[in-house]
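The structure under discussion appears below in the form of structure tokens.
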Amino acid sequence: MEASTFVRLSPELRNLVYHHVFTTDYAVTLKTNGIQHPLTLTCRQIRRETLRMYLSLTTFNAHLDDGPTTPLAHWLQTIGAEMCLLLREVRIWDMHTLNATLRGTESTERMLTGEKAEDGGTYVLRPVGRQFFYKSWFLKDINLPLRSLGLGLERICILQDDGSLKQTSQFALLPVTSPPAVVDGCAAMAEEFGLSEAEQTSLARQLGQGREEIRLLDGRRHVILKFDAQRRLVSMRQEFIARDEEFYL
2 MEASTFVRLS
12 PELRNLVYHH
22 VFTTDYAVTL
32 KTNGIQHPLT
42 LTCRQIRRET
52 LRMYLSLTTF
62 NAHLDDGPTT
72 PLAHWLQTIG
82 AEMCLLLREV
92 RIWDMHTLNA
102 TLRGTESTER
112 MLTGEKAEDG
122 GTYVLRPVGR
132 QFFYKSWFLK
142 DINLPLRSLG
152 LGLERICILQ
162 DDGSLKQTSQ
172 FALLPVTSPP
182 AVVDGCAAMA
192 EEFGLSEAEQ
202 TSLARQLGQG
212 REEIRLLDGR
222 RHVILKFDAQ
232 RRLVSMRQEF
242 IARDEEFYL
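Numbering (our numbering) for the sequence shown: 2 to 250.
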């Protein structure tokens, strides 16, 4: 539909209607079809006016059910970087548990500046670090598509009055100031993935040798980073080392 009689209303009145329609206590479940609000499909002008408000006011539920995060990653890529940064909340669930919550920049800023943690601490942002590879496995599958959009993830933590830091399961979607996949000195990647000094040295050496698959030893496992010819990170995973195997890096 190219036009709607609804656009004859004044912009101020239309905005009041949009806000009333999109404000709800109920979350929208992400699925293959049907997540777009009918109002955003009325006509092109109304879609331009409403889509940003819809994403910034709506809480979305992504149910993985112990499956891959590919559908969520695909959705984030489809809506694009600008819309990702507008997201209010995307809650990531497995079968029964809320694993993580993603927030756009405005939603994150409201937490950092306008909310106090339940125990009186202050919300701050910190690099995700090792969680990309270990406990928060689903973040790894989301991070790579986000990088292709020029976005990254940081964990929202609680800074206690005594200076200690408490991790939360909430993560901020943020634009990266420089492409982290172009490794110069590996400092950006070391901070993003929580690499030790030895791992950073090994990463720089292997990249200098022209390797596209990098193996970093971490106890009884390898962190494996794969790059393309332009040194863009294209995949990341971990492998456990059998007791009778030895690797020389």
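Heads up, the beta-carbon is just placed ideally off N, CA and C, and yes, glycines get one too. These numbers come from a predicted model, not from an experiment.
Best match in Tyr55, Asp163, Leu40 for proximity to arginine 89 [C-alpha to C-alpha]
Working through the sequence shown from its first residue, we reach residue 89 at position 88. Selected option, being the one with the closest Cα: Tyr55.
Going by Cα to Cα distance, which pick from Ser108, Ile157, Gly122, Glu110 is closest to glycine 130?
Within the sequence shown, residue 130 is the residue found at index 129, counting from 1. Among Ser108, Ile157, Gly122, Glu110, the Cα nearest to that of glycine 130 belongs to Ile157.
So, are the CB atoms of threonine 24 and leucine 65 less than 7 Å apart?
Residue numbering aside, residue 24 sits at position 23 when the sequence shown is read from its first letter. Residue numbering aside, residue 65 sits at position 64 when the sequence shown is read from its first letter. No, Cβ-Cβ distance for threonine 24 and leucine 65 is not below 7 Å.
Is the distance from the Cβ of alanine 82 to the Cβ of glycine 151 below 7 Å?
One-based indexing of the sequence shown puts residue 82 at position 81. One-based indexing of the sequence shown puts residue 151 at position 150. Cβ distance < 7 Å, so alanine 82 and glycine 151 count as in contact.
When you compare each of Ile93, Leu175, Pro128 to serine 149 by their alpha carbons, which one comes out closest?
Against the sequence shown, residue 149 aligns to sequence position 148. Minimum Cα distance to serine 149 is reached at Leu175.
With distances taken between CB atoms, is the gap from cysteine 124 to leucine 140 smaller than 7 Å?
Within the sequence shown, numbered from 1, the residue matching residue 124 stands at position 123. Within the sequence shown, numbered from 1, the residue matching residue 140 stands at position 139. Going by the sequence as given, residue 124 is tyrosine instead of cysteine. Taking a C-beta distance under 7 Å as the contact criterion, tyrosine 124 and leucine 140 do not qualify as a contact pair.
What are the start and end residues of the alpha helix (DSSP H) that includes serine 57?
Along the sequence shown, read from residue 1 onward, the residue named residue 57 stands at position 56. Looking at the DSSP string, the run of the alpha helix (DSSP H) that includes serine 57 is 45-58.
At what residues does the alpha helix (DSSP H) containing histidine 75 begin and finish?
For the purposes of this step, residue 75 is taken as residue 74 along the sequence shown, with counting starting at 1. Here the alpha helix (DSSP H) through histidine 75 covers 71-85.
Does the beta-carbon of threonine 79 have 16 or more other beta-carbons within 10 angstroms, so that it is buried, or is it exposed?
For the purposes of this step, residue 79 is taken as residue 78 along the sequence shown, with counting starting at 1. Per the 10 Å Cβ criterion, exposed.
Take the Cβ of glutamine 168 as the centre, count every other Cβ of all protein chains shown within 10 Å, and call the residue buried at 16 or more, exposed below.
On the sequence shown, position 167 is the one that residue 168 refers to. Per the 10 Å Cβ criterion, exposed.
Consider the Cβ of glycine 115: report whether some Cβ of chain C lies at a distance smaller than 7 Å.
Absent from the structure is chain C; it holds one protein chain and no more.
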